[in-house]
Structure formats: structure tokens, C-alpha cells
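Step one of this worksheet: look at the structure below.
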Amino acid sequence: MEFSKEELSEAKRQLDSTLHKLREVVKTLQAKENPERYKAQITLAKRRIRAFEIANTFILRALEQ
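Just so we're aligned, residue 17 is where the sequence shown starts under my numbering, counting upward by one.
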């Protein structure tokens, strides 16, 4: 499937925004009084962060071509 440079740039912008929000969520949850209580949410957020970082890498490669 082919995507235009504009589509890829917008997708990267959206991923960057979501990554920022997810990183803030992790910080917030880890700063809570009992972060162990939020272990599942923290793990999920970290996995999503990693997935979005991987997607961003592929978008950057596609934009460089």
C-alpha cells in the first residue's frame, strides 16, 4: 500500500502527539501513592509507547525514500 508524503507526515505528527500523552500517563501513574496498584495500566501504556515508536521508525524510513 502506498501513502503520500503528506499522509505519512500527518500520521507521524499524530503518533508523536499520542506518544507524548502516553509518556505523561506513565509518569502520572508512577507518581501515584501506590503505583503497584496501576501496574497493568503502566505496562499497557509502555507497550503502546513501544509500538508507536516502532511505527514512527517505519514512517521515518518511508519519508526518507
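Yeah, the Cβ is synthetic: ideal placement off N, Cα and C, and Gly gets one too. Bear in mind the structure is a predicted one, so any value in this text is a computation, not a measurement.
Same chain only: Cβ atoms within 8 Å of residue i, ignoring 5 sequence neighbours per side
i: residue 35; result: 65, 68, 69, 72
Reduced DSSP secondary structure (H/G/I, E/B, other) of residue i
i: residue 80; result: helix
i: residue 22; result: helix
i: residue 52; result: helix
Contact set for residue i: own chain, Cβ-Cβ below 7 Å, skip 5 residues either direction
i: residue 24; result: 75, 78, 79
i: residue 44; result: none
Cβ neighbours of residue i in the same chain (closer than 6 Å, five flanking residues each side left out)
i: residue 38; result: 61, 64, 65
i: residue 40; result: none
Residue i versus residue j - alpha carbon distance
i: residue 42; j: residue 27; result: 22 Å
i: residue 48; j: residue 55; result: 11 Å
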